[in-house]
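Numbering (the working numbering), first residue to last: 204 to 520.
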């Protein structure tokens, strides 16, 4: 799959999720205002937070995809992590903060208008719409995991495409949140005690805190400069060592410059009898091997280093 296709698919996933969340947010807000349910209003805040998050993720994809220039020779890929981090912060502050605060207030005040039917209808419709959005995210995760030759779970844990990760986690959290809201609403309806509605609101807030924490941590790691996984690192090392002129790879460093851009830098011990032309040809061969195996590798820098004899000392020639 070409880079442009991958980015286009990510944009499509974000747009679908954003449109679904916007429609759901309006419906939940209306239902929450009519019913007075804390869980419904918390779910409305949840969907508003998710909608804003999708807007920020869309900006992340667009801003991060800008081509390199003289001031930013490695491109703008890392900017996408800045916007994705802001999206996680918004979920943390706006979504979780409102849900927990409103849940505590409901438990203390015990106010409810008593109209439950519209809430049940909105919850059911929201669950169906969120399921469609999640299904699209799951399809992309499965395709990407096959491309990276990893399980979907491992791909989600290690991927540098935080937009796909964010949509998947937010849609999953949205479905869980709907189930929590439905449980709290039903218990309050059956018992006449708003305690359960308030507890459901607090649980929804806690769920949002977990999602925001996971996404914030992932984006911070990528902003600092995260390397590829150990498995991919070993594969890159084997590809370099497979070049005929190479004796050994002394040091190998990698870093994600963006969701689809990887930098590879290595200190390489070439054969003692290799000429300058041999080293140039080997460097070209190494870059070809790596980009064929991993199209996401955008930059390859090889630094010829001296051979090391017994005890780790450099051999003189």
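Here a beta-carbon is modelled for each residue, glycine too, at the ideal position from N, C-alpha and C.
Give the straight-line distance between the Cα atoms of residue i and residue j, rounded to the nearest whole angstrom.
i, j, result
"residue 386", "residue 254", "24 Å"
"residue 343", "residue 365", "13 Å"
"residue 236", "residue 300", "19 Å"
"residue 381", "residue 372", "14 Å"
"residue 214", "residue 497", "22 Å"
"residue 469", "residue 495", "18 Å"
"residue 454", "residue 346", "32 Å"
"residue 418", "residue 340", "16 Å"
"residue 457", "residue 270", "21 Å"
"residue 311", "residue 279", "49 Å"
"residue 216", "residue 225", "14 Å"
"residue 461", "residue 430", "11 Å"
"residue 434", "residue 471", "20 Å"
"residue 447", "residue 348", "31 Å"
"residue 332", "residue 440", "45 Å"
"residue 260", "residue 361", "18 Å"
"residue 485", "residue 449", "8 Å"
"residue 517", "residue 509", "Confidence is the limiting factor: at residue 517 the pLDDT is only 45, short of 50, which leaves the residue's position unreliable, though a coordinate-based value still follows. If I take the Cα positions, the gap works out to 6 Å."
"residue 188", "residue 273", "In the structure as shown, the chain starts at 204 and stops at 520, and residue 188 therefore has no counterpart that could be examined."
"residue 234", "residue 389", "15 Å"
"residue 500", "residue 295", "33 Å"
"residue 400", "residue 375", "21 Å"
"residue 463", "residue 307", "43 Å"
"residue 256", "residue 416", "14 Å"
"residue 413", "residue 395", "30 Å"
"residue 438", "residue 402", "49 Å"
In three-state terms, what does DSSP make of residue i?
i, result
"residue 368", "helix"
"residue 472", "strand"
"residue 508", "coil"
"residue 280", "coil"
"residue 318", "coil"
"residue 375", "helix"
"residue 428", "coil"
"residue 446", "coil"
"residue 400", "helix"
"residue 395", "coil"
"residue 459", "strand"
"residue 487", "helix"
"residue 268", "coil"
"residue 207", "Its pLDDT being 42, under 50, residue 207 is placed unreliably by the model, and the measurement read from it follows with that caveat. Residue 207: helix per DSSP, three-state reduction."
"residue 501", "strand"
"residue 216", "helix"
"residue 454", "strand"
So is the beta-carbon of residue i under 6 Å away from any non-hydrogen atom of the ligand SAM?
i, result
"residue 266", "With respect to the ligand SAM, the structure shown offers nothing to examine, as it has no ligands at all."
Would you please state the rounded distance, in angstroms, between the beta carbons of residue i and residue j? I believe it to be under 8 Å.
i, j, result
"residue 444", "residue 492", "Their Cβ separation, rounded to whole angstroms, is 10 Å, which puts residue 444 and residue 492 out of contact at 8 Å."
"residue 465", "residue 473", "23 Å between Cβ atoms; not a contact."
"residue 404", "residue 245", "4 Å"
"residue 411", "residue 249", "6 Å"
"residue 488", "residue 503", "Actually they do not touch by this definition, with Cβ atoms about 11 Å apart."
"residue 240", "residue 329", "Incorrect: roughly 13 Å between the Cβ atoms, too far for contact."
"residue 334", "residue 219", "Residue 334 to residue 219, Cβ: 12 Å. No contact."
"residue 298", "residue 252", "3 Å"
For residue i, is the classification buried or exposed, using 16 other Cβ atoms within 10 angstroms of its Cβ as the cut-off for buried?
i, result
"residue 320", "exposed"
"residue 459", "buried"
"residue 264", "buried"
"residue 479", "exposed"
"residue 268", "buried"
"residue 408", "buried"
"residue 393", "exposed"
"residue 327", "exposed"
"residue 325", "buried"
Using 8 Å as the threshold, is the stretch 277-284 in touch with the stretch 421-437, meaning 3 or more CB pairs across them? yes
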